[in-house]
Each structure stands twice: as structure tokens, then as C-alpha cells.
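Colleague:
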Amino acid sequence: MVKKMWILSFFVIIFSCMSTKNDYGMVRFKQSRFSIKPNNNQNYIQHIDTTVFYMAVHSKEFIKEYKLENFKNGIKFYGNGKVGHFKGIDFNNAASFNPKKATMGYYNYDGENFYVEYIYEIPGGTHKLAKSEIILRKSSTDTLIVKSFKSATSAEKITKYARMKIPVEALNYKVDW
């Protein structure tokens, strides 16, 4: 009986850690793998806009060093506390805003603090839960300032995101997480 319990426990643990991949090879996890719960506070609209794309703004030195002249990345917020992190966006192609191509994430605004979490694939076939905080500012809604927390695999950093309009067709996509 004890042996059967160990076997059953082993399978429960293994299957609870599994993820799936979508048509674009992006990993999708159950919401339970995140430490924050999806947003349910409707006042989030005072700080973010779900109809735009927030493009990362980097220094000229950073762009030159990493050869990112034509590489655009950033974040897109959706309803129900979901957010996607996109890489290689083409503003002339609405299909590049398909959330199935994004790293999945969740956001939560509790009335005072605004947190965002993603799960990224890292070398070695593992995944990293990355948590950030949006620094709330009343003076500007055209930009977001996001502070990524320090972890075992990355340093604390602050990234500025500029609000960019996207093609209207890009608003028709539905998230797959």
C-alpha cells in the first residue's frame, strides 16, 4: 500500500509541473505556477491601456552593443490580468501581435502596487519566474517604468516602455492562456 502511495505521489508531482507548448512553440503554464493572482481590480485602467503596445526603450549604446537596431520588443496588456511579452514586433504586420507568439504573464493591481510576472525559458530546458513592478506615476500615462526584481539569474533593472499604437486588427486576437 505504501509503495502504491509513493508511485501515485510521484505521478501527481510530475504531472503538476508539466507545461504545454502552443502552435508557435511558446510554453504555456497553468496559472497556479505564478505567485500572483490575475487582476480583478478594474482601476488598473488608470495606469495601463489594453489597446496599445508598450515598446521597450533602450539607450543607443545598448542598441549598438547588442545589435538591436531593427529589433522591437515590449509588452501588451489584456483583460483578466493577462499580459504578453513580445520580441521582434513589426508594427506594419498585425499578425506579429498575436498573443500566441508572446511569453505568457499575469498582472495584478491591488490599488497601491502593480505587479507583473512572466515565466521565461532559460538555457538548460528550465524556466524562470520573473517578477516586476510597474512604478506608478500620475504625471504620465504615455510611458511605463518597470522595475525587474533581482533573482538568481538576473540583476535588478529598470526599463522604460513607450506607449505605441498598434493596427486595429491586432486587437482581435485572444490570449491562449
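So in numbering that gives the first Met the number 0, the last one in the sequence shown is 176, and the numbering has no gaps at all. Where a beta carbon is used, it is the ideal one built from N, C-alpha and C, also for glycine. Fair warning: this is a prediction, and the values are worked out from it, not measured in the lab.
Using only CA atoms, which one of GLU111, SER95 and PHE90 lies nearest to GLN45?
Modeller: In the sequence shown, residue 45 corresponds to position 46, counting from 1. Nearest C-alpha to GLN45: GLU111.
Colleague: When you compare only the Cα positions, how much space is there between THR125 and SER58?
Modeller: Here residue 125 refers to the residue found at position 126 when the sequence shown is read from its first residue. Here residue 58 refers to the residue found at position 59 when the sequence shown is read from its first residue. Cα-Cα distance, rounded: 30 Å.
Colleague: Where in the stretch 49-133 do unbroken runs of the alpha helix (DSSP H), each at least 4 residues long, occur, reported from the N-terminal end onward?
Modeller: 59-64
Colleague: Over what stretch of residues does the beta strand (DSSP E) that includes TYR160 continue unbroken?
Modeller: Position 161 of the sequence shown, counting from 1, holds the residue named residue 160. Taken as a continuous stretch (DSSP letters only), the beta strand (DSSP E) holding TYR160 covers 156-164.
Colleague: Between ASN91 and ALA154, what straight-line distance do the alpha-carbon atoms span, to the nearest angstrom?
Modeller: If you number the sequence shown from 1, residue 91 lands on position 92. If you number the sequence shown from 1, residue 154 lands on position 155. About 33 Å.
Colleague: Tell me the rounded alpha-carbon separation between PRO98 and ASN40.
Modeller: Locating residue 98 in the sequence shown gives position 99, where the first residue counts as 1. Locating residue 40 in the sequence shown gives position 41, where the first residue counts as 1. If you take the alpha carbons of PRO98 and ASN40, they lie about 22 Å apart.
Colleague: Note down the Cα distance separating MET54 from LEU67, rounded to an integer number of angstroms.
Modeller: As a working note, residue 54 is residue 55 in the sequence shown. As a working note, residue 67 is residue 68 in the sequence shown. Roughly 13 Å between the two C-alpha positions.
Colleague: Hey, how far is the Cα of ILE47 from the Cα of ASN107?
Modeller: For the purposes of this step, residue 47 is taken as residue 48 along the sequence shown, with counting starting at 1. For the purposes of this step, residue 107 is taken as residue 108 along the sequence shown, with counting starting at 1. Their Cα atoms are separated by approximately 12 Å.
Colleague: If you check the beta carbons only, do TYR160 and VAL174 fall under 8 Å apart?
Modeller: For the purposes of this step, residue 160 is taken as residue 161 along the sequence shown, with counting starting at 1. For the purposes of this step, residue 174 is taken as residue 175 along the sequence shown, with counting starting at 1. In this structure, TYR160 sits away from VAL174, with a CB-CB distance that is not shorter than 8 Å.
Colleague: So what's VAL174 in DSSP terms, helix, strand or just coil?
Modeller: Walking along the sequence shown from the start, residue 174 turns up at place 175. VAL174: coil per DSSP, three-state reduction.
Colleague: Determine the closest residue to LYS156 out of PHE148, VAL51 and ARG162, with distance taken between C-alpha atoms.
Modeller: Within the sequence shown, numbered from 1, the residue matching residue 156 stands at position 157. The candidate whose alpha carbon is nearest that of LYS156 is PHE148.
Colleague: Return the CA-CA distance between THR152 and VAL51, expressed in angstroms with no decimal places.
Modeller: As a first step, residue 152 is located in the sequence shown; it is residue number 153 there, counting from the start. As a first step, residue 51 is located in the sequence shown; it is residue number 52 there, counting from the start. Each residue's Cα considered, the two are about 30 Å apart.
Colleague: Name, in chain order, the residues that DSSP records as bridge partners for THR19.
Modeller: Along the sequence shown, one-based indexing puts residue 19 at 20. Partner(s): ARG27.
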